[in-house]
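Inspection log for the structure reproduced underneath, given as structure tokens.
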DNA sequence: GGGTCTTAGTTGAACGCTCAAACAACTACC
DNA sequence: GGTAGTTGTTTGAGCGTTCAACTAAGACCC
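Protein chains in written order, with this note's numbering: chain A, 12 to 166; chain B, 12 to 166.
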């Protein structure tokens with residue numbers, strides 16, 4: 012027998028789904044329009060920009076942005092087309108590749124960041140009190156931990 | 012000057028993004044694998060099943076599932092291909108169309124629902140206390156309200 | 001040192017989404 | 001009763017994602 016959702020739970024679930032959708036839409040559109048960057052790519056650029064030498068192994072990068080290798084592979088190919096990322100063989104492991112953020116990529120990221128941050132702030136942080144933010148983070152963290160194979164720092 | 016995110020805010024934002032992604036992935040995969048239904052289509056079937064006569068005007072349906080008309084149009088076309096939805100002209104308005112859930116569609120929905128509910132329950136409701144659920148709903152509702160043109164019942 | 005297994009990464013097709021453009025039917029106005 | 005504008009819906013191209021299949025290089029082992 013299925014245990015259906017109560018009205019209360021259903022409202023919570025729908026609110027969650029709607030927030031998800033809206034948040035995704037808004038950030039995506041903002042980045043796409045203001046900077047011509049799909050959100051998915053933005054995350055990749057951010058991860059690279061934070062890495063030493065602005066470069067990472069493909070698999071490490073995939074893990075960092077929580078995406079499949081296939082997706083990363085396609086994405087990096089596109090980013091390389093735009094000249095934002097360069098690929099380099101790995102000396103120590105002939106199978107491996109590095110993705111490296113180019114200067115152009117870094118500039119594109121710098122140009123895109125302010126608008127993105129502003130959008131995020133006005134969508135989330137301007138409408139929630141600090142306790143509300145923490146409660147949201149707590150819930151999000153618990154759900155994520157439960158969902159992913161390797162739980163992560165809860166701080 | 013951009014007001015960047017504090018460490019605290021950044022952690023919240025990342026937790027939120029990750030939850031979003033995982034939640035989407037999990038529910039999508041579950042439905043796709045167990046029932047061959049993309050989440051997006053599931054929402055459409057649900058909306059239709061709850062409507063009088065199991066049928067709705069295209070535009071009303073689009074609004075109900077919070078999607079663009081274009082998306083709805085594509086989606087209904089696919090659902091019609093599968094025989095889950097039927098389209099009927101609108102008598103009173105020659106431009107209008109109704110989408111109507113077929114018996115096959117209703118059965119597909121009934122078959123898919125238990126697995127979906129179970130997935131949702133174990134992803135969200137099994138890991139959050141009732142106060143945590145309410146806090147999450149509160150935050151999600153506030154964010155959604157702020158993001159969408161027409162705020163909605165807060166209950 | 002030649003099998004077999006595993007790991008790193010790529011590829012291509014299928015699919016849903018978005019966007020902009022199109023089309024058709026209704027409405028208003030003069 | 002045309003013509004201009006609006007509304008309801010569809011269409012097609014472009015794009016990112018997923019999935020399954022594939023290549024190729026390391027690792028292991030006898």
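The C-beta atom is built at its ideal place from N, Cα and C for all residues, glycine as well.
Residue i in three-state terms, based on DSSP
| i | result |
| --- | --- |
| residue 37/B | helix |
| residue 96/B | strand |
| residue 67/B | strand |
| residue 120/B | helix |
| residue 149/B | helix |
| residue 134/B | helix |
| residue 77/A | coil |
| residue 62/B | coil |
| residue 166/A | The pLDDT assigned to residue 166/A is 37, lower than 50, so where the model puts this residue is not dependable, and the model offers no usable value. |
| residue 143/A | helix |
| residue 112/B | strand |
| residue 26/A | helix |
| residue 48/A | coil |
| residue 129/B | helix |
| residue 106/B | coil |
Proximity of residue i and residue j at Cβ, strictly below 8 Å
| i | j | result |
| --- | --- | --- |
| residue 136/B | residue 29/A | no |
| residue 146/B | residue 150/A | yes |
| residue 26/A | residue 148/B | yes |
| residue 86/A | residue 48/A | no |
| residue 52/B | residue 90/B | yes |
| residue 100/B | residue 33/A | no |
| residue 94/B | residue 61/B | no |
| residue 120/B | residue 57/B | yes |
| residue 31/A | residue 138/B | no |
Cβ-Cβ separation, residue j to residue i (assumed contact under 8 Å), whole Å
| i | j | result |
| --- | --- | --- |
| residue 96/A | residue 74/A | Wrong, their Cβ atoms sit about 17 Å apart, outside the cutoff. |
| residue 43/A | residue 23/B | Contact doesn't hold; Cβ gap of about 24 Å is too wide. |
Near the ligand MN: residue i beta-carbon under 7 Å from a heavy atom
| i | result |
| --- | --- |
| residue 110/A | This structure lacks the ligand MN; in fact it carries no ligand of any kind. |
message: If the cut-off is 9 Å on Cβ atoms, which residues from the region 101–117 of chain A count as contacting chain B, listed in chain order?
response: none
Check your understanding: On the three-pair Cβ rule with 8 Å, is the region 121–141 of chain B touching the region 32–39 of chain B?
Key -> yes
Item to complete: Below 9 Å between beta carbons is the criterion; list the residues of the region 141–159 of chain B that meet it against any residue of chain A, in chain order.
Response: 141, 142, 143, 144, 145, 146, 147, 148, 149, 150, 151, 152, 153, 154, 155, 156, 157, 158, 159
Quiz item: How about the region 117–128 of chain A and the region 78–88 of chain A: do they share at least three Cβ pairs that are nearer than 8 Å?
Solution: no
Discussion item. Output needed in chain order: residues of the region 13–38 of chain A with a Cβ under 7 Å from some Cβ in chain B.
Written reply: 13, 14, 15, 16, 20, 22, 23, 24, 26, 27, 29, 30, 31, 32, 33, 34, 35, 37
Count the C-beta pairs between the region 99–108 of chain B and the region 53–69 of chain B that are closer than 8 Å, then say yes if the count reaches three, no if not. yes
Exercise. Along the region 127–141 of chain B, what residues have a CB closer than 7 Å to any CB found in chain A?
Worked result: 128, 129, 131, 132, 134, 135, 136, 138, 139
query = Using Cβ-Cβ distances below 7 Å, what residues of the region 46–63 of chain A are close to chain B?
reply = none
key: Contact residues within the region 69–99 of chain B, judged by C-beta distance below 9 Å to chain A   = 77, 78
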